[in-house]
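Below is one structure, written out as structure tokens; the observations come after it.
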Ligand SMILES: Cc1cc2nc3c(=O)[nH]c(=O)nc-3n(C[C@H](O)[C@H](O)[C@H](O)COP(=O)(O)OP(=O)(O)OC[C@H]3O[C@@H](n4cnc5c(N)ncnc54)[C@H](O)[C@@H]3O)c2cc1C
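In the numbering used here, the protein residues as written are 127 to 521.
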């Protein structure tokens, strides 16, 4: 018989879906991740993205109709992360890059792009950070200068203005899936207003003239790169939402995705804990299994307790988002903060319990040790989450 369903447990259908996702990840996605990206390390694994589309998983984060369910997103990320972090991240990046379009795009923009995103035929990216604007995203500098209005015969005319579009000039940095993505959500400064109010979100196809970029070699295994905009043309049809409303688009997108970064972290913590429990049960030292050493068993108990607490915060934030409850910025920040810090602790402790073998290239924990670090920095560093929570306490 199923345990009683409370707001703090998953129902039978959700548990079955999570089991199915883990099996899909292990059997269908893990082999594609192991084969590596056809373009080599650090490039986008397009067969993996296509498989996520064919399995119908991308359609859950980029649905044809209706809003994205934060709970679905979290269950997907937590389940996939337990078996294949590469698939988890590829799925999350498609969702992150396309979410502004999904939620604020026009019917025409959505019809043009979203079916291809959901099918995994095109790869998306979310381009907010810049070399001089990371945590302080509202200080971004990418310029959207009004383009000259066309004169008679299509040549440059005397006037300029939003009706004729803009030219993007500047740089983005640390952008996941750059420079290979087919479609970018780009945040640029359209007005002289300082801070958040002069920022607009644009849809920029990867083949627009003037757009170039380079891959960056990073500790985390997914592709990350820079983008350079040299007068990239964008028109009114490329604006996502309102001119000047881009910062809200970015922040509300992060409200949805932050708990799910926590879910990714919980998935990694669960995988590390499972490995540590198995190893401590099998490895013998001082006349018995490691688990019989109290120092080890108490460490396992602490890892399990913190992982459970992180999972609950993530589920609570997701449920609260889906219910449209107030205080989502605070709850999202708490979930991301606690889960990513917990996963770092759990993975590190699991490495310790394994000893040298965990540090060997190719070991699950060696992989998780590299994966677990970046989520404490991206989508708002731990300290930024604390700043959000503290601000909300005085609101
Ligand atoms: C693997 C990876 C993938 C990424 N993918 C993307 C992406 O797809 N799109 C995108 O736009 N960006 C992406 N980023 C960039 C990421 O969002 C930024 O790195 C992050 O916002 C932090 O900015 P920064 O690195 O410039 O650090 P800084 O802003 O320079 O901050 C450095 C450190 O200062 C401290 N700090 C900063 N602000 C505060 C504060 N208010 N209070 C207390 N301490 C503070 C924190 O410890 C912080 O880590 C990615 C980063 C990584 C590592």
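From the three backbone atoms N, C-alpha and C, an ideal C-beta is built for every residue, glycine too.
Should residue i be counted as a contact of ligand 1 given a C-beta to heavy atom distance under 6 Å?
i, result
"residue 498", "no"
"residue 340", "no"
"residue 302", "yes"
"residue 169", "no"
"residue 455", "no"
"residue 252", "yes"
"residue 310", "no"
"residue 458", "no"
"residue 195", "no"
"residue 260", "yes"
"residue 510", "yes"
"residue 520", "no"
"residue 513", "yes"
"residue 249", "no"
"residue 507", "yes"
"residue 346", "yes"
Closer than 6 Å to a non-hydrogen atom of ligand 2 - does that hold for the CB of residue i?
i, result
"residue 469", "Ligand 2 is absent from the structure shown, which contains only ligand 1."
Does the Cβ of residue i have 16 or more other Cβ atoms within 10 Å, making it buried, or fewer, making it exposed?
i, result
"residue 237", "exposed"
"residue 281", "Residue confidence is low: residue 281 scores 47 on pLDDT, short of 50, so the model does not pin down where it sits. Its coordinate-derived value is still stated next. Residue 281 is exposed by the Cβ-count criterion."
"residue 462", "buried"
"residue 213", "buried"
"residue 296", "buried"
"residue 234", "exposed"
"residue 159", "buried"
"residue 225", "buried"
"residue 174", "buried"
"residue 443", "buried"
"residue 221", "buried"
"residue 205", "buried"
"residue 332", "buried"
"residue 406", "buried"
Please state if the CB of residue j and the CB of residue i are separated by a distance shorter than 7 Å.
i, j, result
"residue 176", "residue 246", "yes"
"residue 188", "residue 228", "yes"
"residue 345", "residue 496", "yes"
"residue 338", "residue 352", "no"
"residue 389", "residue 440", "yes"
"residue 373", "residue 325", "yes"
"residue 349", "residue 303", "yes"
"residue 196", "residue 448", "yes"
"residue 73", "residue 145", "What the structure shows of the chain is the stretch from 127 to 521, and residue 73 is not part of that stretch, so it cannot be assessed."
Closest to residue i by CA distance: which of the options is it?
i, options, result
"residue 272", "513, 314, 262 and 261", "314"
"residue 209", "358, 387, 394 and 169", "394"
"residue 521", "453, 218, 270 and 353", "453"
"residue 250", "260, 172 and 441", "172"
"residue 426", "467, 473, 500 and 369", "473"
"residue 401", "389, 417, 167 and 388", "417"
"residue 139", "486, 201 and 301", "201"
"residue 533", "196, 150, 219 and 327", "Coverage of the chain is limited to positions 127 through 521, which leaves residue 533 absent and any answer about it impossible."
"residue 298", "324, 258 and 317", "258"
"residue 436", "421, 450, 458 and 422", "458"
"residue 198", "261, 420 and 387", "387"
Looking at the C-beta of residue i, does it have a partner C-beta in chain C at a distance below 7 Å?
i, result
"residue 167", "Absent from the structure is chain C; it holds one protein chain and no more."
Q.
List, from N- to C-terminal side, the beta strand (DSSP E) runs of 3 residues or more that fit wholly inside the segment 170-253.
A. Entirely contained in the segment 170-253, the beta strand (DSSP E) runs reaching 3 residues are, in chain order, 250-253.
**Q.** Every unbroken alpha helix (DSSP H) inside the segment 312-399 [4 residues or more]
**A.** None, since the segment 312-399 contains no complete alpha helix (DSSP H) of that length.
Continuous beta strand (DSSP E) assignments of at least 3 residues falling wholly in the segment 420-506: If we require 3 residues or more, the segment 420-506 turns out to have no beta strand (DSSP E) run fully inside it.
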